[in-house]
Amino acid sequence: MQIKIAKPSDCHESTVTPKSVYLNRRQFMQAGLASGAALSFPVNAIASVQNGNPLLPPESLKPSFASIIETPFGKTETSAPFETATTYNNFYEFGYGKGDPEKNAESLKPYPWKITIEGEADITGAFDLEDLIKDNQLEERIYRLRCVEAWSMVVPWVGIPLGALLKKFKPNSKAKYVYFETLYDPSQMPAQNGNSLDWPYREGLRIDEAMNSLSLLAVGMYGSILPNQNGAPVRLVVPWKYGFKSIKSIVTIRFVEQMPQTTWSMLAPNEYGFYANVNPGVDHPRWSQKQERRLPGGLLFPNVIDTQMFNGYKEEVASLYSNMNLTRFY
Ligand SMILES: Nc1nc2c(c(=O)[nH]1)N[C@H]1C(S)=C(S)[C@@H](COP(=O)(O)O)O[C@H]1N2
Ligand SMILES: [Mo]
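Numbered per full-length UniProt numbering, the sequence shown spans residues 1 to 330.
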């Protein structure tokens, strides 16, 4: 598919054509019809079959997943295999080993799901996830995810622009930041019985960061819903910041006036800041941030590449920080 857009940030809903996704689906359906198979084939499964994600959306999300807009984001990147993105995770609610989330996240029950909207906005309350996303067409965005631990992978997310959601609640002039919380329920998230982190997991963005067109509220990956270990049913993806900002399994969104406390900077403020922009020029106190291990890789193929300023999204986000000392505000 050919799209002529100067840069991804110029890409508004009206300029992304959903045609090729629709076409693929229609062609698939027609092929199926010809062979007599399409009638029994769920339409929402098609994208997932194409992308290696075997999960199917629940009834409540089927209308949203029935069509996913293709966008120019990450078209030149090679996505990690689904297998890699779902077996090498950070999700401390299920343990701190990279394989723990995949092993333990079965106890999470992501459907149905509510998000509570609170704070400095005209509209607040508890909303069903499907109602929050149904007015926006889901988009696929292939983004680089760069963990502060110096590994990275490319993931094809499915979601809606975070700003499009936040605007619906009409934040007022005191809404300078947006605060997010993960579910707190040790019966679903067993490692919350321990104190590896101060639960619930918390994150936050400045309001202009949240409204930036790159900020994504993801409800899926690889063409279908999020696996539990990747933050089902709904998470942030903030690709120019270290991965810990991309909070999983969100139940609360609060518009606030003061910079909120966030999990990793509460734990080690000298190591993890509020901003957490990917920055090869500012090392972690215990390791370099100049390079990263792009997954999948192995001992024989460590696949080490240079880390880019703002994870390569400078054009879209550098203006957010034009007056800031990013060494001080790491
Ligand atoms: N609730 C919650 N969100 C979280 C985390 C976590 O432990 N708990 N880990 C973060 C970190 S450090 C990273 S790198 C990404 C990893 O996302 P992935 O497992 O989908 O690759 O999730 C982030 N979101
Ligand atoms: Mo991370």
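C-beta: ideal position from N, C-alpha, C; glycine also.
- By the Cβ criterion, the segment 88-103 is not in contact with the segment 114-132, since fewer than three pairs of Cβ atoms, one from each stretch, lie closer than 8 angstroms.
- Per DSSP, the unbroken alpha helix (DSSP H) holding Lys103 starts and ends at Asp100 to Asn104.
- Cβ neighbours of Asp198 within its own chain (closer than 8 angstroms, five residues either side excluded): Thr263, Met266 and Leu267.
- If you look at Ser64, you'll find it isn't in any beta strand (DSSP E); it sits in the alpha helix (DSSP H) that goes Lys62 to Phe65.
- When the Cα atoms are used, Ala175 and Pro302 turn out to be separated by approximately 43 angstroms.
- In terms of Cβ geometry, Gly223 and Ser246 do not form a close pair [threshold 9 angstroms].
- Three or more beta-carbon pairs drawn from the segment 199-207 and the segment 170-184 are found closer than 8 angstroms, and the two stretches are therefore classed as touching.
- The three-state secondary structure of Trp287, taken from DSSP, is strand.
- The shortest CA-to-CA distance from Arg206 to any of Tyr177, Asn228, Asn212 and Asn195 is the one to Tyr177.
- For Gly125, the uninterrupted beta strand (DSSP E) run begins and ends at Gly125 to Asp128, by DSSP.
- Exclusion of the five residues before and after Pro161 leaves Asn136, Glu139, Ser213, Ser215, Leu216 and Leu217 as the residues of its chain whose Cβ lies within less than 8 angstroms of its Cβ.
- Listed as beta-bridge partners of Ala150 by DSSP are no residues whatsoever.
- Secondary-structure assignment with DSSP links Ser246 through no beta bridge to anything.
- Non-local C-beta neighbours of Phe169 in its own chain, meaning closer than 6 angstroms and more than five positions away in sequence, comprise Ile117, Ala121 and Ile123, ordered along the chain.
- Taking all protein chains shown into account, Trp287 has fewer than 16 neighbouring C-beta atoms within 10 Å of its C-beta and is therefore exposed.
- Shortest gap from the CB of Arg235 to any heavy atom of ligand 1: under 8 angstroms.
- Take Met189, set aside five residues on each side of it, and the residues of its chain with a beta-carbon closer than 6 angstroms to its own are Glu93, in chain order.
- Going by beta carbons, Ala150 and Gln291 fall inside the 9 angstroms limit.
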